[in-house]
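Engineer: Just so we're aligned, residue 1 is where the sequence shown starts under full-length UniProt numbering, counting upward by one.
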Amino acid sequence: MLTPPSDATDWRVELSSSWKVLGPFPVHAREQHYLSPAYPIDLSEPIDWSKSWPSSYADGGSVVWTNANSDPKGNINISFPNIRWASLRATEGWAALQYHSVLWTQLTLYPPAEPRELPNLLVQLNQASFFSVTPNHDELPGGQSTTKWYQGNIYNLDGHIPQSVELPTKPSLRSPTTYNLFVSGDYEIRLFGDPRSEGTESPTLRFNLSVEVEEPVEMVIRAVNQDVLCDFVEGIAFGDTIGLGLRSIAGWWTVESVTVLEPPPNSSFSIRLLNEIRIAPSQTRVVPLVITQQAPVFSSELSLFVKVRCGELEQAITVVLPIRQLERWDAQTYEPIKSTYLYPTHAPTHFIAIPPKCPHPQRHCPPILALHGAGVDVVHEVFWADALPRQRNSWIVIPTGRTSWGFDWHGPSAQDAWATIEGLARILDRNEQWRIWRYASNKPVVVLGHSNGGQGAWYLASRYPDRVLGVVPAAAYIKSQAYIPLSWSRSAHFIDPTLRAILESALTPDDNDLHLTNLSDKPICAIHGGDDENVPVWHTREAISVLKTWASSPDMIYREDKGQPHWYSSVFRNDEVQSFLEKVLQEPEKPTPTKFTITTTSPAESGALHGWRIEQLTVPSRLARMQIEKVGYDKIKVSTLNVHLFSLDWEQCSVSSLVVDGAEIVIKDHVPANNVVRIERIQAKGWCICQSNQEDDPYTQQSGRLQLILTATGPITFIIQTKDSYEFSIALRLTHDLQQFHRLDAQILDEQEALQLGHDFFTGQNIVVIGNPAMEFVQRILSFRKTPFSLQGSILTLNGESLLLETFSAALFLHPPLRGVHGLLLFMLSSSIAGLERAMRLFPIRTGVPVPDWILIGRDADTLGAAGVQAAGVWGRQWCWNQMASWTAMGLDRD
């Protein structure tokens, strides 16, 4: 390495191009969130570079450290040509191609000639899962403290946000200081594709790493790649909101006001700050601005004045935003329109709208919801919009799903998709010139999608069937476990099968095949390329086969385009698809069938079918079904499986009585004002009309898996003990990941701030509490005893048994709302920083990480994966102990 000139005025960092690589090791997708990212090595001990490690991939059953090099731009390609991949694949398929490796290199920090404040590192890691910067001890790296891991931008998402990394030890002010940098490199088929598409059998891991220095100066800078801007059509903003990306280098900054610096002449245009935004040190947030406009603005840019404050410090930022001006569309010409709305009520969010050729002269035509595939950036690329055939009378609405990968159109991505329909309806209704083009926002839509979006089309339609007129899934996989089997799981060799079943129950709500009963009478046009190299064609064939099992006379088309790959330009642009769309969009909805079956596994993530909805399960975590059959003019027979409470829209169903599991219930004289009749199980075979109206007793079961914490109505609030604690680092990293992976807004409070604000402030908010049981906020909330977790002094208890955090490392569990029926809490508790690190990796940033309502994770997880879980389960109804869906190695399984 070169030594910088003696007169250098700034800190400087150099990243070595020499790497050491250990691997490959078999894992299944997402298993690295349970295992230590450094698996199989232990970074608390010196590394023996000559040691071999067991791996069933390699001839002889072991692997050793090898060498690799990165190019000057930080790109590195890792492959293992000595592994007989073709042989492994011959029996195990794609599952054998997913592997884990651990990589090591060094970075060197050079001091300036004159003393300067110690810098942070800005690290950008693309397409690898985790990284860590550690001290360079003489015995590498033995004796160091707990390793602090940061998530990489594994999906290579656009609009990257660098990770701000504190130096693990103080560097020398007189000579270069060297640190270790470890990377967890995980090859996944969904990220990198089948290597055979590149003419090789060897799966090659490709990632990019860059490192810069940044002095922690108390100031705010722009994060332009996080801006949210809408187009203007004939001078009118085609959106509700503007979002400004800001990042605090250091200091707690509050955005106090944003005003138009120079109001455009001859117009009435203003913006207002939706609410004050506080930005934590190194955090990036998008400031929400609400647009008010009464006259056109034809400027090409908009100048704003932003005032931020940090204690006594005040900073003014002038922002100049480009305005893209469009002419109004007509029957022959149009451009996809970049639109904005507040998700769901607080976060500026993009979507794309394709206008119809002409308005319908007599009625509102339903829109088409078009879901993109994984990695497709619909905001900055025209690929997806150009692939969709423009309709005569219907809008095409293209949501982002939060980001180009999002959450696989589940959770917050599903919430975003539905909200864009409402967002466009508001935009069209607000401007008088556009009202003839509007549609009814509360009516069903057609859902269309390709690849991951095709899977999303199956998902949205089968979970919310009453919101869907028809479905066009193309090149869709059924579910993640069928796409890439979990058969090469490391955990599976050590785990109790009952524990594995409980953990994987967190994946069941995403299994599209189990929910296809809900689509048995919906019009479907399923499409797949016959030679799809990315999603095998059998996925759609099997989905159609399952549907035909449930539907006696299905209204479905299966189009298999012989010889076509995963993507081809005519996938939607053909006469058959267009005829299907026109038929579904123009014909009236079909009458309710006389017999149908409803399925759900997560009531909080499911809607109604023909006005009927399962709202609570008898045994949460298990499949619930309900068969509805009309047996007379105004009588319906209902047969249930694992259903405790269900509802029906009496206005839609209009029946006098039900026969539920053989018990007759007269309902015509007990219909409430909102027409929603709820029927509750009162004993093994008995049912009655539910009379409960308590606000704090929600009907719909809100538990089931940790990822429900992401479906929030406002910013996710992280509560930590103090701002100088290790928990603050955990919260900062998680807020970074939420913004990077999902554009989900988050704020950080210490517990004294939270206690002063009081419970009413948090009504409706989702809250994540990070710390230990001794925290006052933890003590306060758990004293209400709303779950089987409670406290005896500062000792956490579960189901009456004391838990020693030293024994199992960390506890994570969902908790019901503090007030009302909305706003979940997630507790992440540990008495050690090592436990907090394990808990952080289980936070549901990505789909496919199987974590149910509560889990106790032990140290053994570092090497055994999910087999290191000490206890786990799904809450029962009303957040009680659920014996049938709980597992423990610690004697907690009594009633």
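C-beta atoms are modelled at their ideal positions from N, C-alpha and C, and glycine is treated no differently.
Got a sec? Which residues, its chain only, sit under 7 Å from Ile-221 by beta carbon, not counting five neighbours each side?
Structural biologist: Residue numbering aside, residue 221 sits at position 221 when the sequence shown is read from its first letter. Here the set comprises Arg-247 and Ile-249.
Engineer: Return the chain-ordered ranges of every beta strand (DSSP E) run that is complete within the stretch 604-638 and spans a minimum of 3 residues.
Structural biologist: Whole beta strand (DSSP E) segments, 3+ residues: 612-617 and 624-630.
Engineer: Applying the criterion that 16 or more other CB atoms from any shown protein chain within 10 Å of the CB defines a buried residue, is Gly-61 buried or exposed?
Structural biologist: By 1-based counting over the sequence shown, the position of residue 61 is 61. Gly-61 should be labelled exposed.
Engineer: Give every residue of the same chain whose Cβ lies closer than 8 Å to the Cβ of Glu-139, excluding the five residues on either side of it in the sequence, and list them in chain order.
Structural biologist: The residue you call residue 139 lines up with position 139 of the sequence shown. Legend: pLDDT at Glu-139 = 42, less than 50; position of this residue unreliable, no value from coordinates given.
Engineer: My output table needs one value for Glu-139: the three-state DSSP class, helix, strand or coil.
Structural biologist: Sequence index remark: in the sequence shown, residue 139 carries index 139 (1-based). No answer about Glu-139 holds up, because its pLDDT of 42 lies below 50 and its placement is not dependable.
Engineer: Have a look at Trp-879, Phe-761, Ile-845 and Gly-820 and flag the residue whose alpha-carbon is nearest the alpha-carbon of Leu-814.
Structural biologist: Position 814 of the sequence shown holds residue 814. Per the Cα distances, Trp-879.
Engineer: Is it the case that the stretch 340-357 contacts the stretch 554-568, given that we only count it when at least three CB pairs across the two stretches are under 8 Å?
Structural biologist: Contact between the stretch 554-568 and the stretch 340-357 is absent, because fewer than three Cβ pairs lie under 8 Å.
Engineer: Tell me, to the nearest whole angstrom, how far the beta carbon of Val-286 is from that of Asp-750; I am working on the premise that it is less than 8 Å.
Structural biologist: Taking the first residue of the sequence shown as 1, we reach residue 286 at position 286. Taking the first residue of the sequence shown as 1, we reach residue 750 at position 750. Contact flag wrong, Cβ pair sits at about 23 Å.
Engineer: Following the continuous beta strand (DSSP E) through Phe-718, name the residue where it begins and the one where it ends.
Structural biologist: Working through the sequence shown from its first residue, we reach residue 718 at position 718. Element bounds for Phe-718: 716-720.
Engineer: If you run the structure through DSSP and keep just helix, strand and coil, what is Glu-695?
Structural biologist: On the sequence shown, position 695 is the one that residue 695 refers to. Residue placement at Glu-695 cannot be trusted, given a pLDDT of 48 that sits under 50; what the coordinates show is reported in the next sentence. Reduced to three states, the DSSP call for Glu-695 is coil.
Engineer: What does DSSP give as the partner residues of Asn-126 in its beta bridges?
Structural biologist: Along the sequence shown, read from residue 1 onward, the residue named residue 126 stands at position 126. Answer is Asn-153 and Asn-208.
Engineer: Taking 8 Å as the threshold, find out whether the stretch 441-455 comes into contact with the stretch 490-504 through three or more Cβ pairs.
Structural biologist: The stretch 441-455, when compared against the stretch 490-504, does not touch it at the 8 Å Cβ threshold.
Engineer: Applying the 10 Å Cβ sphere with the 16-neighbour rule, what's the burial state of Ala-331?
Structural biologist: Translated into the one-based positions of the sequence shown, residue 331 becomes position 331. Classification for Ala-331: exposed.
Engineer: According to DSSP, is Ser-303 part of a helix, a strand, or is it coil?
Structural biologist: Counting from 1 along the sequence shown, the entry for residue 303 is found at position 303. It is a strand residue.
Engineer: Report yes or no: do three or more beta-carbon pairs, one from the stretch 828-840 and one from the stretch 761-779, lie closer than 8 Å?
Structural biologist: Yes, they touch.
Engineer: Between Leu-88 and Tyr-57, is the Cβ-Cβ spacing less than 8 Å?
Structural biologist: Position 88 of the sequence shown holds residue 88. Position 57 of the sequence shown holds residue 57. In contact: Leu-88 and Tyr-57 (Cβ atoms closer than 8 Å).
Engineer: With DSSP run on the structure shown, which of helix, strand or coil describes Gln-883?
Structural biologist: Sequence index remark: in the sequence shown, residue 883 carries index 883 (1-based). Three-state DSSP puts Gln-883 in a helix.
Engineer: Only counting the same chain, and skipping five residues up and downstream in sequence, which positions put a Cβ closer than 6 Å to that of Ala-754?
Structural biologist: For this step, residue 754 is matched to residue 754 along the sequence shown. Hits under 6 Å: Ile-719 and Phe-777.
Engineer: In or out: Trp-49 buried (at least 16 other Cβ within 10 Å) or exposed?
Structural biologist: Translated into the one-based positions of the sequence shown, residue 49 becomes position 49. It counts as exposed.
Engineer: In the DSSP assignment, find the unbroken alpha helix (DSSP H) run with Gly-873 in it and report its ends.
Structural biologist: Taking the sequence shown and counting its residues from 1, one reaches residue 873 at position 873. It is not in any alpha helix (DSSP H) - Gly-873 instead sits in the beta strand (DSSP E) that spans 869-873.
Engineer: Just verifying my parser: in three-state terms, what is the DSSP assignment at Ile-748?
Structural biologist: Taking the first residue of the sequence shown as position 1, residue 748 is located at position 748. Residue state, collapsed to three classes: strand.
Engineer: To the nearest angstrom, report how far apart Leu-706 and Pro-554 are at their CA atoms.
Structural biologist: Residue mapping note: residue 706 aligns to position 706 of the sequence shown, counting from 1. Residue mapping note: residue 554 aligns to position 554 of the sequence shown, counting from 1. In a straight line, the C-alpha of Leu-706 is about 36 Å away from that of Pro-554.
Engineer: Looking only at C-alpha atoms, which of Ala-476, Ser-404 and Lys-443 sits nearest to Pro-465?
Structural biologist: Along the sequence shown, one-based indexing puts residue 465 at 465. Cα-wise, what sits closest to Pro-465 is Lys-443.
Engineer: Quick one: measure Cβ to Cβ for Ala-29 and Glu-201, integer angstroms, because I've assumed they're closer than 8 Å.
Structural biologist: On the sequence shown, position 29 is the one that residue 29 refers to. On the sequence shown, position 201 is the one that residue 201 refers to. That pair is no contact at about 20 Å.
Engineer: If distances are taken between C-alpha atoms only, which option among Phe-789, Gly-793, Gln-883 and Pro-816 comes closest to Gly-800?
Structural biologist: Translated into positions along the sequence shown, residue 800 becomes position 800. The residue with the shortest Cα to Cα distance from Gly-800 is Phe-789.
Engineer: Beta-carbon within less than 6 Å of Thr-888's beta-carbon, same chain only, minus the 5 sequence neighbours each way: which residues are those?
Structural biologist: Counting from one through the sequence shown, the residue named residue 888 turns up at place 888. If we look at Thr-888 and ignore the five residues flanking it on each side, its Cβ neighbours are Ala-871.
Engineer: Report yes if the CB atom of residue 916 is closer than 8 Å to the CB atom of Ile-242, and no otherwise.
Structural biologist: Because the chain here runs from 1 to 895, residue 916 falls outside it and cannot be looked at.
Engineer: Determine the DSSP secondary structure at Ile-323, reduced to helix, strand or coil.
Structural biologist: Here residue 323 refers to the residue found at position 323 when the sequence shown is read from its first residue. Coil at Ile-323, not helix or strand.
Engineer: Between Ser-886 and Pro-171, what straight-line distance do the alpha-carbon atoms span, to the nearest angstrom?
Structural biologist: Taking the first residue of the sequence shown as position 1, residue 886 is located at position 886. Taking the first residue of the sequence shown as position 1, residue 171 is located at position 171. Taking the straight line joining both Cα atoms gives about 48 Å.
Engineer: Taking only the alpha-carbon atoms, compute the straight-line gap between Gly-764 and Pro-322 and give it to the nearest angstrom.
Structural biologist: The residue labelled residue 764 in the question sits at position 764 within the sequence shown. The residue labelled residue 322 in the question sits at position 322 within the sequence shown. In a straight line, the C-alpha of Gly-764 is about 35 Å away from that of Pro-322.
Engineer: Specify, as a first and last residue, the run of the beta strand (DSSP E) that Ile-689 falls within.
Structural biologist: For the purposes of this step, residue 689 is taken as residue 689 along the sequence shown, with counting starting at 1. 687-689 is the span of the beta strand (DSSP E), which, as asked, contains Ile-689.
Engineer: Hey, how far is the Cα of Pro-168 from the Cα of Val-63?
Structural biologist: Position 168 of the sequence shown, counted from the first residue, corresponds to residue 168. Position 63 of the sequence shown, counted from the first residue, corresponds to residue 63. Computed Cα separation, rounded: 30 Å.
Engineer: On a CA-only basis, which of Tyr-99, Thr-147, Ser-16 and Ala-96 is nearest Ser-44? Give me that one, please.
Structural biologist: Looking up residue 44 in the sequence shown gives position 44. Out of Tyr-99, Thr-147, Ser-16 and Ala-96, Thr-147 has the C-alpha closest to the C-alpha of Ser-44.
Engineer: Count Cβ pairs between the stretch 514-530 and the stretch 573-582 that sit closer than 8 Å; are there 3 or more?
Structural biologist: Taking 8 Å as the limit for Cβ pairs, the verdict is that the stretch 573-582 does touch the stretch 514-530.
Engineer: Can you check the stretch 719-788 for any alpha helix (DSSP H) of at least 4 residues that lies completely inside it and give the ranges in chain order?
Structural biologist: Fully enclosed alpha helix (DSSP H) runs of 4 or longer: 726-742, 751-757 and 776-782.
Engineer: By the three-class DSSP mapping on this structure, what secondary structure does Gln-586 have?
Structural biologist: Position 586 of the sequence shown, counted from the start, is the residue given in the question as residue 586. Residue state, collapsed to three classes: helix.
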